[in-house]
Amino acid sequence: MENLVLKDVESYIDGFARFERSVAGNGWSWLSPLRKEAISKFKELGFPTTRHEEWKFTNVAPITKTSFRLTERATALPAGEELEKFTIPELDVFKLVFIDGHFTPELSSIKELPEGVKIKSLRDALSQERELLEPHLSRYVDLSDDAFSSLNTAFMQDGVFVYVPENTVLPEPVHVLYVSTGTTSPTITHPRNLIVAGKSSEATVIEDYVSLGEGVNFSNVVTELVAGENSHINHYKIERENRKAFNVSTLRIEQLRNSSVSTHAVLIGGALVRNNIHPVLDGEGGSCLINGLFMATGSQHMDNHMLVEHVSPHCDSRQFYYGILDGRSKGIFSGRIVVHKDAQKTDAKQTNRNLLLSEEASIDTKPQLEIHADDVKCTHGATIGQMDESALFYMRSRAIPLDKAKAILLLAFAGESLKRIDLEPLRVYLEGVVAEWFSSEHLNLG
Amino acid sequence: MSNTDVRVEELAEQEYKYGFVTDIESETLPPGLNEDVIRQISAKKNEPEFMLKWRLKAYRHWLTLKEPEWGNIRYPRIDYQGISYFSAPKKTGLESLDEVDPELLETYEKLGIPLEEQKMLAGVAVDAVFDSVSVVTTFKETLAEVGVIFCPFSEAVQKYPELIKKYMFSVVPYTDNYFAALNSAVFTDRSFCLVPKGVRCPMELSTYFRINEKNTGQFERTLIIAEEGAYVSYLEGCTAPMRDENQLHAAVVELVALDDATIKYSTIQNWYPGDKNGKGGIYNFVTKRGKCAGRNSHISWTQVETGSAITWKYPGCILLGDGSVGEFYSVALTNNWQQADTGTKMIHIGKNTRSNIVSKGISAGHGQNTYRGMVKILKGAQGARNYTQCDSMLIGEDCSAHTFPYIEVKNSSAQMEHEASTSKIGEDQIFYCKQRGISAEDAVSLIVNGFCKEVLSELPMEFAIEAQKLLSISLEGSVG
Numbered sequence: 001m002e003n004l005v006l007k008d009v010e011s012y013i014d015g016f017a018r019f020e021r022s023v024a025g026n027g028w029s030w031l032s033p034l035r036k037e038a039i040s041k042f043k044e045l046g047f048p049t050t051r052h053e054e055w056k057f058t059n060v061a062p063i064t065k066t067s068f069r070l071t072e073r074a075t076a077l078p079a080g081e082e083l084e085k086f087t088i089p090e091l092d093v094f095k096l097v098f099i100d101g102h103f104t105p106e107l108s109s110i111k112e113l114p115e116g117v118k119i120k121s122l123r124d125a126l127s128q129e130r131e132l133l134e135p136h137l138s139r140y141v142d143l144s145d146d147a148f149s150s151l152n153t154a155f156m157q158d159g160v161f162v163y164v165p166e167n168t169v170l171p172e173p174v175h176v177l178y179v180s181t182g183t184t185s186p187t188i189t190h191p192r193n194l195i196v197a198g199k200s201s202e203a204t205v206i207e208d209y210v211s212l213g214e215g216v217n218f219s220n221v222v223t224e225l226v227a228g229e230n231s232h233i234n235h236y237k238i239e240r241e242n243r244k245a246f247n248v249s250t251l252r253i254e255q256l257r258n259s260s261v262s263t264h265a266v267l268i269g270g271a272l273v274r275n276n277i278h279p280v281l282d283g284e285g286g287s288c289l290i291n292g293l294f295m296a297t298g299s300q301h302m303d304n305h306m307l308v309e310h311v312s313p314h315c316d317s318r319q320f321y322y323g324i325l326d327g328r329s330k331g332i333f334s335g336r337i338v339v340h341k342d343a344q345k346t347d348a349k350q351t352n353r354n355l356l357l358s359e360e361a362s363i364d365t366k367p368q369l370e371i372h373a374d375d376v377k378c379t380h381g382a383t384i385g386q387m388d389e390s391a392l393f394y395m396r397s398r399a400i401p402l403d404k405a406k407a408i409l410l411l412a413f414a415g416e417s418l419k420r421i422d423l424e425p426l427r428v429y430l431e432g433v434v435a436e437w438f439s440s441e442h443l444n445l446g
Numbered sequence: 447m448s449n450t451d452v453r454v455e456e457l458a459e460q461e462y463k464y465g466f467v468t469d470i471e472s473e474t475l476p477p478g479l480n481e482d483v484i485r486q487i488s489a490k491k492n493e494p495e496f497m498l499k500w501r502l503k504a505y506r507h508w509l510t511l512k513e514p515e516w517g518n519i520r521y522p523r524i525d526y527q528g529i530s531y532f533s534a535p536k537k538t539g540l541e542s543l544d545e546v547d548p549e550l551l552e553t554y555e556k557l558g559i560p561l562e563e564q565k566m567l568a569g570v571a572v573d574a575v576f577d578s579v580s581v582v583t584t585f586k587e588t589l590a591e592v593g594v595i596f597c598p599f600s601e602a603v604q605k606y607p608e609l610i611k612k613y614m615f616s617v618v619p620y621t622d623n624y625f626a627a628l629n630s631a632v633f634t635d636r637s638f639c640l641v642p643k644g645v646r647c648p649m650e651l652s653t654y655f656r657i658n659e660k661n662t663g664q665f666e667r668t669l670i671i672a673e674e675g676a677y678v679s680y681l682e683g684c685t686a687p688m689r690d691e692n693q694l695h696a697a698v699v700e701l702v703a704l705d706d707a708t709i710k711y712s713t714i715q716n717w718y719p720g721d722k723n724g725k726g727g728i729y730n731f732v733t734k735r736g737k738c739a740g741r742n743s744h745i746s747w748t749q750v751e752t753g754s755a756i757t758w759k760y761p762g763c764i765l766l767g768d769g770s771v772g773e774f775y776s777v778a779l780t781n782n783w784q785q786a787d788t789g790t791k792m793i794h795i796g797k798n799t800r801s802n803i804v805s806k807g808i809s810a811g812h813g814q815n816t817y818r819g820m821v822k823i824l825k826g827a828q829g830a831r832n833y834t835q836c837d838s839m840l841i842g843e844d845c846s847a848h849t850f851p852y853i854e855v856k857n858s859s860a861q862m863e864h865e866a867s868t869s870k871i872g873e874d875q876i877f878y879c880k881q882r883g884i885s886a887e888d889a890v891s892l893i894v895n896g897f898c899k900e901v902l903s904e905l906p907m908e909f910a911i912e913a914q915k916l917l918s919i920s921l922e923g924s925v926g
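Protein sequences appear in the order of chains A and B.
Numbering-wise (my numbering), the first sequence opens with residue 1 and increments by one.
Numbering-wise (my numbering), the second sequence opens with residue 447 and increments by one.
In structure tokens:
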């Protein structure tokens, strides 16, 4: 399978045939029909263009014009110390480290698990846990109009699999660290995550994307999260890869009766980031919180795409997305709430607030409501503005230098989003990461 | 309660109030569309050469276009060859009212606009369009005194070709969209208005027009120009006779406001919406756009859309001049099987431009209501400001409401806010009213009128009253 180079649609399809052969014999043959269906879907769809309504503001040409090499299991592992800086202090976690998309047990630590709980790489799960995977894997993500998720499904080979059985609480969060080691030629990975939480269970999963080098990596991620009846799930996504990385991710959440899911995203890195979040509230009394903070500078491009579907009555959903854009960066927020016909008593709210810090930065926001039931409460709000001049003046009149005053204001703005993170050590850590972003060379606050 | 039910039933079956067909001789082209038809229209209207050239150019462009499908609306394919593109009452160019076909006058009286009385009515000049050709224009002298030109579009083409050449297509080019291209090829008539520098138009200008001839699509063209410092307020209101075939209505309205000028354009749209099973009704596919070309110019759109089987329109403003202001106030009501996909487009180009959008959508029955809007703030639009509010109200279980705003900001000094909400009509409010002896029907009408007040208050007085009545009539039968 060496030198599998992927670029245009044809090369992906050719590459797929070779990929299939190479993974044959891993005990994954049951996946084959799924993969074949996905690749034929991809063949039919091709890469989206800006003429596609859902991709109107994001041109994926940088991705389609790059030749990517499908990564193999690294031979030389980075030293543990190199990954030290990505550790969240004062937080005990089940740690899974993926180097260039491949699970690396040497760098991971999965301590003793409560009975019935499974936390392992998808690679292992595919061959060992077929009966747990089969009812869920790729049953939720909608490939009908999604070329990237189709590609992921066709090429999936590793990722994280978390299974929490009924009435079980995961004692510590799962920290999944995706590391790209940054080689000379651009690489592509297809991380595939599946989180299945049983009835009345609780779990926290942190997806963390980082780079070690300055090489180009394209992470094409799909995460499926199934929240069983009465379960409480917290999900975090941290995107802090280098400024050349591409990251297209789809988080599909399936929520059953009375389940409660919160998903938080902090996006700082990447050249082109597309963040799809698609919860479906398919059981009465479910509630969903979608919280996000995206900060871009230079020529970064961050596209956030929410689709919240209310299928059942009496569900609540809340979306809060905050954007800070500097340099020549471009931010996009597209939030759509669909209330299906029977989803009476839905309560859905959406807020998108954006700060533009420079002349060249731009933001496109597209909040949408699509309501087919009548007894609902739905609101959305979007604002775009700048830092409050009078607040800056107030601080400067009290001898706070301009750059510091600006950083304080930005931190307050970002804090609105970060304060919704319940996991205290993670919140403190992320506040630090964000503060560093404000004070570092990222921003020209002078 | 049973009492109310009976009444509601009666009301639901009430026929469209303004449905009748006037039987007058008219000159109609056979259905179909080709270059010859366009030549004939142009010849019948005695147009100068350049206009025919423009029409043909637009037609050839139209042939290359595909009917747009992105709208959140559903309707059977329109057979463009099955439409007659010209229909005119025979005797035209009359000097006094005595010469007007008495039957026509009667029609106007049924509509509540007796021309004889119009002159006495305070400050309203009416340019009544009957099907496609303007029959009579009143108050011309009063307007001429201050130098305002207000005449049918076709007359302007003959009399002021220079103005037409300068301004027509300057806001909505014939290449703009499918229906604008079609309109540019086959447009018949409507109003032309020019308010010269420094003049405040002494009266509200208005046209009432209706589709009359069977199977005649209406392709009106309106052009309003306000020169430096001028002010004009233009009203349009319309009703159409009841019939079964769907009728196409694809008008184009262009507004141009120069330095410090203000144009206020108000619409009450009450075309036949189809019967309670969704049969028949008008397709209203309209392109309306204003250009704030000068500094501190101001264009304001107000619309009350209660009629039509399908409403598809986005009155917009191009805010080109520094400090110019665009406004959009809209009430869109859909009942029975009506569909509306409407909103606005505000394009901020000049510095310190401001726009304000207030949209109220009401869906009842199987009605489907979509707000689709775009606010675009371009790089040079320093200090641009936008405020958008769109609220939807749902009455009944089978209706739906959608909101699709697009916001694109390319300037960091811009400020914009967008708020939207969708909710059911307040049960406790209805309860409160009923408790005080107000019927459910009246309560709904009361609540809806309150919901829309912000928009209705933007309308000129007499229109505001008519709009309130319209809302009540259109909602009849929606509760029970």
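For every residue, glycine included, the Cβ atom is placed at its ideal position computed from N, Cα and C.
Quantities reported herein were computed from a predicted structural model and do not represent experimental measurements.
Note to self: Give me the chain A residues within the contact set of K856 of chain B, using Cβ-Cβ distance strictly less than 7 angstroms, ordered along the chain.
What the structure shows: S362
Check: Got a sec: does the ligand FAD put a non-hydrogen atom nearer than 7 angstroms to the Cβ of E922 of chain B?
Finding: In the structure shown, the ligand FAD is absent, as is every other ligand, since no ligand is present at all.
Next item on the list: Could you work out which residues of chain A lie near K870 of chain B, taking near to mean beta carbons separated by less than 7 angstroms?
Entry: D374, D375, V376
Checklist line | Residue-chain proximity (S920 of chain B, chain A), Cβ-Cβ < 8 angstroms | finding: no
Next item on the list: Leaving aside the five residues before and after R353 of chain A along the sequence, list all residues of the same chain whose C-beta is less than 7 angstroms from its C-beta, in chain order.
Entry: Y322, T383
Item checked: Within chain A, the residues that F850 of chain B reaches when beta carbons sit closer than 7 angstroms -> Q368
Note to self: Quick check on P560 of chain B: does DSSP put it in helix, strand or coil?
What the structure shows: With a pLDDT of only 46 at P560 of chain B, under 50, the local geometry of the prediction cannot be trusted, and the value read off the model is given with reservation. Coil.
Item checked: When A:D158, A:V179, A:I324, A:R420 are compared against S362 of chain A, the one with the closest alpha-carbon -> A:I324
Note to self: Can you list, in chain order, the residues of its chain with a C-beta nearer than 8 angstroms to that of D768 of chain B? Leave out the 5 residues immediately preceding and following it.
What the structure shows: R741, N742, G796, K797, N798, T799
Margin query: Determine, for I371 of chain A, whether the minimum Cβ-Cβ distance to residues of chain B falls below 8 angstroms.
Written below: yes
Checklist line | Other residues of its chain near F850 of chain B: CB distance less than 6 angstroms, five sequence neighbours each side excluded | finding: R818
Margin query: On the CB-based measure, 16 or more other CB atoms within 10 Å of its CB, does F438 of chain A come out buried or exposed?
Written below: buried
Notebook entry, point to check: Quick one: which chain B residues come within Cβ less than 9 angstroms of Q386 of chain A?
Noted result: S858, S859, A860, Q861
Next item on the list: Give the straight-line distance between the Cα atoms of S859 of chain B and V618 of chain B, rounded to the nearest whole angstrom.
Entry: 29 angstroms
Checklist line | Contact the region 169-181 of chain A vs the region 279-298 of chain A: 3+ CB pairs below 8 angstroms | finding: no
Checklist line | N-terminal and C-terminal residue of the alpha helix (DSSP H) that E115 of chain A is part of | finding: Looking at the DSSP string, E115 of chain A is not in any alpha helix (DSSP H), and its letter there is neither H nor E.
Item checked: Rounded C-alpha distance that separates G80 of chain A from E90 of chain A -> 18 angstroms
Check: From what residue to what residue does the beta strand (DSSP E) around G385 of chain A run?
Finding: 377-385
Next item on the list: Measuring alpha carbon to alpha carbon, tell me which of A:S397, A:A399, A:R427 ends up nearest L411 of chain A.
Entry: A:R427
Checklist line | Check whether G448 of chain A and H380 of chain A have beta carbons under 8 angstroms apart | finding: As displayed, chain A neither begins before 1 nor continues past 446, which places residue 448 of chain A out of reach and without an answer.
Notebook entry, point to check: S299 of chain A touches chain B at which residues, Cβ-Cβ below 7 angstroms?
Noted result: Chain B residues near S299 of chain A: none, gap ~15 angstroms exceeds 7 angstroms.
Checklist line | Amino acids of chain B, ordered along the chain, whose beta-carbon sits closer than 8 angstroms to that of E134 of chain A | finding: Within chain B, no residue comes near E134 of chain A; the closest Cβ sits about 37 angstroms away, beyond 8 angstroms.
Check: Under three-state DSSP, which class holds W492 of chain B?
Finding: The question names Trp, but residue 492 of chain B in the sequence shown is Asn. DSSP places N492 of chain B in coil when its eight states are reduced to three.
Next item on the list: Please go through the same chain and pick out, in chain order, the residues whose beta-carbon is closer than 7 angstroms to the beta-carbon of A38 of chain A, but skip the five residues on each side of it.
Entry: L143, S150, T153, A154
Notebook entry, point to check: Residue range of the alpha helix (DSSP H) that P619 of chain B falls in?
Noted result: Here P619 of chain B belongs to no alpha helix (DSSP H), and DSSP marks it neither H nor E.
Notebook entry, point to check: Between A:D146, A:T351, A:V339, A:G182, which lies nearest to F218 of chain A when the distance is taken from Cα to Cα?
Noted result: A:G182
Notebook entry, point to check: Among A:E112, A:D146, A:K419, A:Q350, which residue has its Cα nearest to the Cα of E44 of chain A?
Noted result: A:D146
Item checked: CB contact check: T50 of chain A to chain B, cutoff 8 angstroms -> no
Item checked: Of the listed residues A:E224, A:S249, A:G283, nearest to N275 of chain A (C-alpha basis) -> A:S249
Next item on the list: State the DSSP-derived secondary structure class of W421 of chain B, mapped to helix, strand or coil.
Entry: The requested residue 421 of chain B is not part of the displayed model; chain B covers only 447 to 926.
Notebook entry, point to check: Should L921 of chain B and A830 of chain B be called a contact, given that it needs their Cβ atoms to be closer than 8 angstroms?
Noted result: no
Check: Can you tell me where the alpha helix (DSSP H) with T153 of chain A in it begins and where it stops?
Finding: 147-155
Next item on the list: With 8 angstroms as the threshold, decide whether the Cβ of L356 of chain A is near any Cβ in chain B.
Entry: yes
Margin query: Let's see if you can read the secondary structure: which residues bound the alpha helix (DSSP H) around T64 of chain A?
Written below: 61-64
Check: If you draw a straight line from the C-alpha of L694 of chain B to the C-alpha of I808 of chain B, how long is it?
Finding: 24 angstroms
Check: In whole angstroms, what separates the C-alpha of A24 of chain A from that of S127 of chain A?
Finding: 12 angstroms
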